[in-house]
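In our numbering, the protein residues as written are 15 to 629.
In structure tokens, the structure reads:
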């Protein structure tokens, strides 16, 4: 025990000597956290106690971030009352928590509820324990939640077999006891499968529910949605026939989508036109306009959009592209100027700028560039753009804050993402103003701690500045994990720019990435359940498997860059549905689905920048 007290004293003394600017609190807290993770709970408690007693205004403490770890440490020390005390207070909500569409109420929600439940069980307060375990039975899918929800169900089923029925359906796809599950719980399970994009199993749920609840709009919609996603288009149309014109907007949208998939575009447009209210109002309008555009009815597109308020980006593109097809010089020049100002660094602005220049200078065949195939045109615009960039001249304003910045870089090295975010967000270490030099430094700090997704996210917030300069644009098209990626690309004999383009378009360098369609890790892998999920989240494993798969696709497509990018990210079925010209290029305007069109354009755009910047 004396040795541990001496260790605490030495830690504290060394921190005080080494760092004249105040980051001792961060270092001491993280040192305790490391001991906790290494299962040295007694030493962790000594450090945590010293931290709480000496740094009462420290950001990790005031924000409640620390309380979770204090509570967990007490749990493993079997001091359950104190574990409950601190875990109850451990409601940590980062500033951007809701901006990233996170379903969790708070950062530690699932783990916190689970261990509060276990702590109450340890002191024989089963009623409160059950409340926390039941909090984990939710109606959406999350890999993190799933681990704790399944354990909670296993604890609850020991006293009530009912919870085993829920577990069997959600985690083993065993519907044997489906008739014994309450309606409200079946609806919740159906929502769970929908959020997981598991429409095969959501269909089983709502197919059972619908006959008894055919007047329930919500159940009918989810049943129709599940049918649609299972490509049961005729069943969707049959289910949604004879709808009342009012109050069925969402169903009219699904009916329209079913007709669209069956290529009955006039019926699709008619149903989209009936969507007047609700969450699908805007998307139904956009789908209708897009179908007119695909059908070549550009006058109709212009007519619908000209007086449409609050056009989004995609609608503005359809609007301007229609004027290009109509060769309407006056209207194109009029509307394209504002678009270029609003979206200066997009592919579309590059095309529109070239056409504007041709029209203003009365060049011969001014519209011809719009007829070029997409991949060629994107590379042409990107190469021209990159070659004309000028360097940014950094000033030395931040040199005066060198000590403070050293503190932030030191915190970054602690490898605790939330700790670093707290330090930066609390503006206590010198990064108060959001000027260009500050944002460059922030991205560098995040990258130094290997928080590459945060570095990219910060850079993308400054894209209107970073896009302008030859020595800043690489922050938007970074080569993080470069040594690892180069190693595997050499091993599997594949160009590394393919890898970076895919990562930037999918995971955005987030190593623990999960997509809504259940793609995992840096290379957005479809999970192979023979490999544990935690292994797939390891950057080395993920890059190895992803680049190996990419190499197979690349070789199968005989080194065709575009086909490789599309097949890897969208799948073979989508690749086969796209028409390729004789030169191997495509026309994006011929891709009917707007999200798919944008995804493929983003892939090509990212590849063009990586190729231009680094080759």
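Ideal Cβ positions, reconstructed from N, Cα and C, are used throughout, including at glycine.
At a cut-off of 4 residues, the continuous stretches assigned as alpha helix (DSSP H) that sit fully inside the segment 89 to 165 are 94 to 103, 123 to 136 and 140 to 148. Taking the Cα of residue 151 as reference, the smallest distance to any Cα among 299, 138, 107 and 204 is reached at 204. Beta-bridge partners assigned by DSSP to residue 404: 483. The beta carbon of residue 87 sits closer than 7 Å to the beta carbons of 50, 55, 58, 59 and 62 from its chain, once the five residues preceding and following it are set aside; these are given in chain order. Contact between the segment 425 to 440 and the segment 390 to 400 is not established, with fewer than three Cβ pairs separated by less than 8 Å. Residues 380 of the same chain have their beta carbon placed closer than 6 Å to that of residue 372, with the five preceding and five following residues left out of the count. Taking 4 residues as the shortest admissible run, the segment 286 to 357 contains the following complete alpha helix (DSSP H) segments, listed from N- to C-terminal end: 295 to 308, 312 to 320, 327 to 339 and 343 to 356.
Segment contact: the segment 236 to 248 against the segment 214 to 227, three or more CB-CB distances shorter than 8 Å; contact assigned. CA-CA distance, residue 223 to residue 197, rounds to 8 Å. Of all alpha-carbon atoms in 250, 330 and 200, the one lying nearest the alpha-carbon of residue 227 is that of 200. By the 16-neighbour rule on beta-carbons within 10 angstroms, residue 123 is buried. Per the coordinates, the alpha-carbon of residue 296 lies some 11 Å from the alpha-carbon of residue 287. Under the three-state reduction of DSSP, residue 508 is assigned to coil, being neither helix nor strand.
The continuous alpha helix (DSSP H) containing residue 474 extends over residues 466 to 475. Residue 528 is bridged by DSSP to 534.
Straight-line measurement puts the Cα of residue 491 at about 10 Å from the Cα of residue 473.
Residue state for residue 539 is assigned as strand, using DSSP reduced to three classes.
Separation of residue 176 and residue 194 (C-alpha to C-alpha, rounded to the nearest whole angstrom) is 8 Å. Across the set 462, 566 and 524, the C-alpha of 462 shows the shortest separation from the C-alpha of residue 422.
Residue 523 sits buried, since 16 or more C-beta atoms from the chains shown fall within 10 Å of its C-beta. A straight-line Cα-Cα distance of about 6 Å links residue 333 and residue 316.
The three-state secondary structure of residue 463, taken from DSSP, is coil. Residue 515 and residue 168 have their C-alpha atoms spaced approximately 43 Å apart. By a beta-carbon distance limit of 8 Å, residue 519 does not contact residue 536. Their separation comes to about 12 Å. With contacts defined as CB atoms closer than 8 Å, residue 270 and residue 256 fail to qualify as a contacting pair.
In this structure residue 319 is not in contact with residue 279, their Cβ atoms being roughly 18 Å apart against a cut-off of 8 Å.
For residue 452, the secondary structure class from DSSP, reduced to helix, strand or coil, is helix. According to the DSSP assignment, residue 76 belongs to the alpha helix (DSSP H) that extends over 73 to 76. DSSP, reduced to helix, strand and coil, places residue 596 outside both helices and strands of the structure shown, so it counts as coil. The Cβ atoms of residue 94 and residue 136 sit closer than 8 Å to each other. Apart from the 5 residues on each side of it in sequence, residue 75 sits with its Cβ closer than 7 Å to the Cβ of 66 and 69 in its chain, given in chain order. One thing to note: residue 347 has its Cβ no nearer than 8 Å to the Cβ of residue 312. The Cβ neighbour count for residue 529, taken over all protein chains shown within 10 Å, is under 16; the residue is labelled exposed.
Distances from the alpha-carbon of residue 330 to those of 349, 343, 212 and 621 put 349 closest. With respect to the 8 Å criterion, residue 100 and residue 79 are not classified as neighbours on the basis of their beta carbons.
Distances from the CA of residue 73 to each of 533, 352, 53 and 40 were compared; the closest alpha carbon is that of 40.
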